Amino acid sequence: MTQPPEEFSGEATLEDIVQERIRASYERLMTASRNFADEDNASAVNRAYYAVFKAMIAVHAMDHHQFKRHKDAIAQFNKTYVANDVFPRKYGRAIHELEKLRNVSDYADFKTPNREQTRKAIDFAREFLHAAKAYCEEKLNIKISLPCLDRVDE
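Read in order, the letters of the sequence shown correspond to residues 1219 to 1372 in this note's numbering.
In structure tokens:
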């Protein structure tokens, strides 16, 4: 059992924190898939972004990193994990593009992601969740159980 960073309170272990963040990522991914099925592209992109973010902070927890701002978490992920080839470089670019798409979708008037952009966002979130989950499982020597992660159907 690994101790969590000091910033985490309570009786939770590092394993508990990582599993909770991976589970939260999965829940957001499932919500994104439901939003996509309902043709609510803006909400689907938002949930796909947060699925990626939750999985990313699960990875950060492995090294006892905690961030108050999303941009700091993303920058540190790229510096620590992408630049050192722990995760593929394409993930750094994809996270950046997904963050931009989510920001435009959430905050710009009359800007809604199209179906292809939304599908790509959800597919990337699924791929990233798989990779983050596998990384955390290997580092902690645990198995994180989640229901099947099927592809988004139109």
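Every residue gets a Cβ at the ideal spot worked out from N, C-alpha and C, and that includes glycine.
Bear in mind that the values here come from a model prediction, so they are computed numbers and not experimental data.
Selection from the options that minimises the alpha carbon distance to residue i
i	options	result
residue 1231	1364, 1315, 1358 and 1363	1358
residue 1345	1247, 1242 and 1301	1247
residue 1299	1317, 1332, 1330 and 1280	1280
residue 1261	1336, 1347, 1292 and 1361	1336
residue 1391	1291, 1331 and 1287	Within the shown structure, residues of the chain are numbered from 1219 to 1372, placing residue 1391 beyond reach of any answer.
Continuous alpha helix (DSSP H) stretch holding residue i: start and end
i	result
residue 1341	1333 to 1358
residue 1259	1259 to 1280
residue 1294	1288 to 1295
DSSP three-state assignment for residue i, whether helix, strand or coil
i	result
residue 1364	coil
residue 1302	coil
residue 1249	helix
residue 1369	The predicted position of residue 1369 is uncertain, since its pLDDT is 46 and thus under 50; a value taken from the coordinates is nonetheless stated next. Reduced to three states, the DSSP call for residue 1369 is coil.
residue 1230	coil
residue 1221	In this predicted model, residue 1221 has a pLDDT of only 46, less than 50, meaning its place in the structure is not dependable; the value taken from the coordinates is given anyway. Coil.
residue 1237	helix
residue 1326	coil
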